[in-house]
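S.K.: Okay, handing you the structure first.
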Amino acid sequence: IEVPPPLPATRPPEMYKISNDNPEDKKKRLKEKELEDVEKGVEETEKEKMVREKEAEEQERLRMERRRRTQEDMVKDFVSILENMMNPRQALTSMMSAIAGLISFAVGVVYVVQNPEHAMKANELAIILIAYGVLQILLATTYFVTCVQTSIAVTKGVEDTFQIVIGVIIAGVYVVIAFVSLIIGLYGFYKTLALCSSVDYFNPSSRTFVPKTEFCTCLSVF
1 IEVPPPLPAT RPPEMYKISN DNPEDKKKRL KEKELEDVEK GVEETEKEKM
51 VREKEAEEQE RLRMERRRRT QEDMVKDFVS ILENMMNPRQ ALTSMMSAIA
101 GLISFAVGVV YVVQNPEHAM KANELAIILI AYGVLQILLA TTYFVTCVQT
151 SIAVTKGVED TFQIVIGVII AGVYVVIAFV SLIIGLYGFY KTLALCSSVD
201 YFNPSSRTFV PKTEFCTCLS VF
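Residue numbers (UniProt numbering): 1 to 222.
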């Protein structure tokens, strides 16, 4: 009888393999792994925080840069406008307006006191002369202040925002005064022309009595 050869030894399946690891060692390794994961998470969180802070700083820097450039553009435009206003022809016009305003104010004050009460036309023209003279003086003063503000803005540059605001306000006041002065001047011119055919220089009791000096001043100024 032939005896069959012995079968080769085979390894037991892995599923049936019994682990010899100590449970305490497993717990220790799990804890160490958890600690490593936590440390990695903290490091990643700190890195993300640093990245976010750098991004926020960069955005703030860009915002301030845009704001500074905007202010520079505003100042350049503002100074350019005011420099155009400061041309010699405009300065001469403002000087002539100031002289006309002083003459109008002086003549109006003199004749509003001297004219009789019933001389309504003369008193009306005198009041118009006073108002027009005051506005012309204010207009010339505003122009002078605008020139000063322009010089300050050019000297200090874009860092002084207060000068920008003051300059814009003064320029706005200048425009308003010029507009009101134009209206009063046209009204005075109309009233003066309306009296050309009926003005009376010699009879103080007449309703159309106007002293010759006052009437000629109105014709010259308006």
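Here a beta-carbon is modelled for each residue, glycine too, at the ideal position from N, C-alpha and C.
What does the alpha-carbon distance come out to for the pair residue 18 and residue 45?
M.R.: In the sequence shown, the residue the question calls residue 18 occupies position 18. In the sequence shown, the residue the question calls residue 45 occupies position 45. In this predicted model, residue 18 has a pLDDT of only 49, less than 50, meaning its place in the structure is not dependable enough to derive any value.
S.K.: Reducing DSSP to helix, strand and coil, say where residue 222 ends up.
M.R.: Here residue 222 is taken as the residue at index 222 of the sequence shown, counted from 1. Residue 222 falls in the coil class under three-state DSSP.
S.K.: For residue 209, list the residues DSSP reports as bridge partners.
M.R.: As a first step, residue 209 must be located in the sequence shown, where it is residue number 209. Its beta-bridge partners are 200.
S.K.: Check the C-beta distance from residue 221 over to residue 125 and give it rounded, since I have them as a contact under 8 Å.
M.R.: For the purposes of this step, residue 221 is identified with residue 221 of the sequence shown, where counting begins at 1. For the purposes of this step, residue 125 is identified with residue 125 of the sequence shown, where counting begins at 1. With a Cβ gap of about 10 Å, residue 221 and residue 125 do not count as contacting.
S.K.: In this structure, how does DSSP classify residue 119 when only helix, strand and coil are distinguished?
M.R.: Against the sequence shown, residue 119 aligns to sequence position 119. Correct three-state label for residue 119: coil.
S.K.: At the level of alpha carbons, what is the spacing between residue 110 and residue 134?
M.R.: The count along the sequence shown starts at 1 and reaches residue 110 at position 110. The count along the sequence shown starts at 1 and reaches residue 134 at position 134. Computed Cα separation, rounded: 14 Å.
S.K.: Can you look up residue 195 in the DSSP assignment and give me helix, strand or coil?
M.R.: Here residue 195 refers to the residue found at position 195 when the sequence shown is read from its first residue. Looking at residue 195 - three-state DSSP - the assignment turns out to be coil, as it is neither helix nor strand.
S.K.: Just to confirm before moving on: does the CB-CB distance between residue 166 and residue 145 stay below 7 Å?
M.R.: In the sequence shown, residue 166 corresponds to position 166, counting from 1. In the sequence shown, residue 145 corresponds to position 145, counting from 1. No. Outside cutoff.
S.K.: Work out the CA separation of residue 214 and residue 114 for me, nearest whole Å.
M.R.: Within the sequence shown, the letter at position 114 stands for residue 114. Within the sequence shown, the letter at position 214 stands for residue 214. Going by the C-alpha atoms only, they are around 11 Å apart.
S.K.: Are the CB atoms of residue 94 and residue 129 within a distance shorter than 7 Å?
M.R.: Position 129 of the sequence shown holds residue 129. Position 94 of the sequence shown holds residue 94. Their beta carbons are not under 7 Å apart, which means residue 129 does not touch residue 94 by this criterion.
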